[in-house]
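Numbering follows the working numbering, in which position 329 of the sequence shown is assigned residue number 627; successive positions increment by one, without gaps.
What follows is a short report on a single structure.
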Amino acid sequence: MKLYDVYPLFDINIVKGQGCRVWDDKGDEYLDLYGGHAVISIGHAHPHYVEMIGKQVGQLGFYSNSVINTLQQDVADRLGELSGYDDYQFFLINSGAEANENALKLASFYNGRTRVLVQEKAFHGRTSLAVEATHNPKIIAPINANGHVTYLPMNDLPAWEAELAKGDVCAVMIECIQGVGGIRLVTPEFMKGLRELCDQYNTVLICDEIQCGYGRSGKFFANQHTGIRPDIITVAKGIGNGFPMGGVIISPKFEPVYGQLGTTFGGNHLACAAAIAVLDVMKQDGLVENAAKIGTYLMEELKKFPQIKEVRGQGLMIGMEFEEPIKEIRRKLLFEQKVFTGVSGTHVIRLLPPLCLNKAEADEFLVRFKKVLE
Ligand SMILES: Cc1ncc(COP(=O)(O)O)c(C=O)c1O
Numbered sequence: 299m300k301l302y303d304v305y306p307l308f309d310i311n312i313v314k315g316q317g318c319r320v321w322d323d324k325g326d327e328y329l330d331l332y333g334g335h336a337v338i339s340i341g342h343a344h345p346h347y348v349e350m351i352g353k354q355v356g357q358l359g360f361y362s363n364s365v366i367n368t369l370q371q372d373v374a375d376r377l378g379e380l381s382g383y384d385d386y387q388f389f390l391i392n393s394g395a396e397a398n399e400n401a402l403k404l405a406s407f408y409n410g411r412t413r414v415l416v417q418e419k420a421f422h423g424r425t426s427l428a429v430e431a432t433h434n435p436k437i438i439a440p441i442n443a444n445g446h447v448t449y450l451p452m453n454d455l456p457a458w459e460a461e462l463a464k465g466d467v468c469a470v471m472i473e474c475i476q477g478v479g480g481i482r483l484v485t486p487e488f489m490k491g492l493r494e495l496c497d498q499y500n501t502v503l504i505c506d507e508i509q510c511g512y513g514r515s516g517k518f519f520a521n522q523h524t525g526i527r528p529d530i531i532t533v534a535k536g537i538g539n540g541f542p543m544g545g546v547i548i549s550p551k552f553e554p555v556y557g558q559l560g561t562t563f564g565g566n567h568l569a570c571a572a573a574i575a576v577l578d579v580m581k582q583d584g585l586v587e588n589a590a591k592i593g594t595y596l597m598e599e600l601k602k603f604p605q606i607k608e609v610r611g612q613g614l615m616i617g618m619e620f621e622e623p624i625k626e627i628r629r630k631l632l633f634e635q636k637v638f639t640g641v642s643g644t645h646v647i648r649l650l651p652p653l654c655l656n657k658a659e660a661d662e663f664l665v666r667f668k669k670v671l672e
């Protein structure tokens, strides 16, 4: 059986990881400034993570959501403490797209409406309503194009107000730092204005923190740079450090109803063991603070490169925009300098390293990057 060929692949077979480094099947070592697409939060093969998952799978890998699973509460307790959202409720699911589907579903149950506003260049996932809320017609199939979603310019509050004032908007879904959209940041003024408008028109404010959340921005959530609290926050990627998981963080104003949401795999024992290990390490090793510190340092250094048109970002979510397409720079970084990076579109290199990246590794990246640009 052939694989369904939807991914343009680099000819590299990664077989091992440790901290911020990975190795291919030929034994070549790479510096990982990509984190497997913002997924590796605490670093590859962290000993606590390996131990927790190993122990759990030996004891009980899975049982269903029809019985008590105290590990789910253990995750929620740690997450509430570390994020400052301990008064919110937590629903566990399997992926980012699913987290957004459930967030939108909750919003629609809440106010009975069906319209959604998102930012231009938004990325919210590849399924059903999440893909309709993604501003890329190439991945929206006719079956997904159901006219629920309006795309609006980022930070242009009057444009959002004009739509919200119609009184029929179910939810606003925002990436406080756009990932796929090119590492673009919302302004605190925009978010404060949006918060007030959502309250005024009974619209649910959702922050999609699947890429920018979970410590990556140098605060636990990127929305915490803006001074507002959304009604719902969605998370995935870094929460399991590679174990497939998503979550919906839900304000106390939502009343849970038996059967309204559900999942077979979400919040299973193995997934919870991974999530607990991630939060333990984030707390013990101060990874949110590290992301802020090393991210600020990296951005300051990158701004010194005259070849880069603009450096944008927060914490360890950094975009470098070039005048010219970056394909060749990225290729050289990977194949000549052995550094993994990400991209946004054709002109932006995206850095999404594990949150444990230290200063020596950041400096190593800067040296290798300089060699490519010379
Ligand atoms: C902001 C954002 N939302 C949603 C998703 C979808 O997550 P998943 O691929 O886990 O479905 C992504 C994935 O890249 C993302 O970056």
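Quick reminder that beta carbons are idealized off the backbone N, C-alpha and C, glycines included.
Take the alpha-carbon of Gly378 and the one of Asn367: they are about 18 Å apart. Membership of Phe633 in the alpha helix (DSSP H) is indicated by the continuous run 625 to 633. Cα atoms of Pro528 and Leu301: separation of roughly 40 Å, rounded to the nearest angstrom. When the five nearest sequence neighbours on each side are left out, the beta carbons in the same chain lying within less than 6 Å of the beta carbon of Leu631 are those of Val637, Thr639, Val670, in order along the chain. Within the segment 376 to 429, complete beta strand (DSSP E) segments of at least 3 residues are found at 387 to 391, 413 to 417, given in chain order. Cβ neighbours of Ile508 within its own chain (closer than 7 Å, five residues either side excluded): Gly394, Ala397, Thr532, Val533, Ala534, Lys535.
Look at Arg424: its beta carbon is less than 8 Å from one of the heavy atoms in ligand 1.
Rounded to the nearest whole angstrom, the C-alpha separation of Lys324 and Thr448 is 48 Å. If only complete runs of 4 or more residues are kept, the segment 436 to 505 shows the alpha helix (DSSP H) at 455 to 462, 486 to 498, in order along the chain.
In the same chain as Gly423, and ignoring 5 residues on each side of it, the C-beta atoms closer than 7 Å to its own belong to Gly394, Ala395, Asn398, Val429, Thr432, in chain order. Leaving aside the five residues that flank Gly359 on each side, the residues in its chain whose CB is nearer than 8 Å to its CB run, in chain order, Asn566, His567, Leu568. Of all alpha-carbon atoms in Asp466, Pro486, Ile437, the one lying nearest the alpha-carbon of Asn453 is that of Pro486.
Two segments are said to touch when three or more pairs of C-beta atoms, one from each, lie closer than 8 Å; by this definition the segment 648 to 662 touches the segment 604 to 621.
Leu495 and Glu459 do touch by the CB rule: their CB atoms are close to 6 Å apart, below 8 Å. Taking C-beta separations shorter than 6 Å and ignoring five residues to either side along the sequence, the partners of Ala575 in its chain run His346, Tyr347, Met350, following chain order. Beyond the five residues adjoining it in sequence on each side, Gly479 comes within less than 6 Å, by CB distance, of Lys419 in the same chain, given in chain order.
Looking at the DSSP output, His342 shares a beta bridge with Gly317.
Boundaries of the beta strand (DSSP E) around Leu649: 646 to 649. No heavy atom of ligand 1 is found nearer than 8 Å to the CB of Ala520.
With contacts defined as CB atoms closer than 9 Å, Trp321 and Tyr328 qualify as a contacting pair. It is roughly 39 Å from the alpha-carbon of Lys591 to the alpha-carbon of Tyr499. DSSP places Tyr595 in the uninterrupted alpha helix (DSSP H) bounded by 585 to 600. Within the same chain, Cβ atoms closer than 8 Å to the Cβ of Leu585 are found at Ser339, Ile340, Gly513, Val579, Leu653, Cys654, the five residues on either side in sequence being excluded.
Assignment of Phe638 by DSSP, reduced to helix, strand and coil, places it in the strand class. Assignment of beta-bridge partners to Ile530 by DSSP yields Ile504, Ile548. As a beta-bridge residue in DSSP terms, Gly611 pairs with Ile616.
Distance from the CA of Ile441 to the CA of Asn400, rounded to the nearest whole angstrom, comes to 19 Å. Within its own chain, the residues whose Cβ lies closer than 8 Å to the Cβ of Phe308, once the five positions on either side in sequence are excluded, are Leu632, listed in chain order.
Put simply, of Pro306, Cys468, Gln522, Lys657 the residue whose alpha carbon is nearest the alpha carbon of Tyr383 is Gln522. If you check the C-beta of Asn444 against ligand 1, you find no heavy atom less than 8 Å away. Annotation: the continuous alpha helix (DSSP H) that includes Glu662 extends over 657 to 671.
Linking Val467 to Asp497 through their CA atoms gives a straight-line distance of about 12 Å. Using a cutoff of 8 Å, the CB of His523 does not count as near ligand 1, since none of the ligand's heavy atoms is closer than that. A Cβ-Cβ contact shorter than 9 Å links Gly545 with Ile391.
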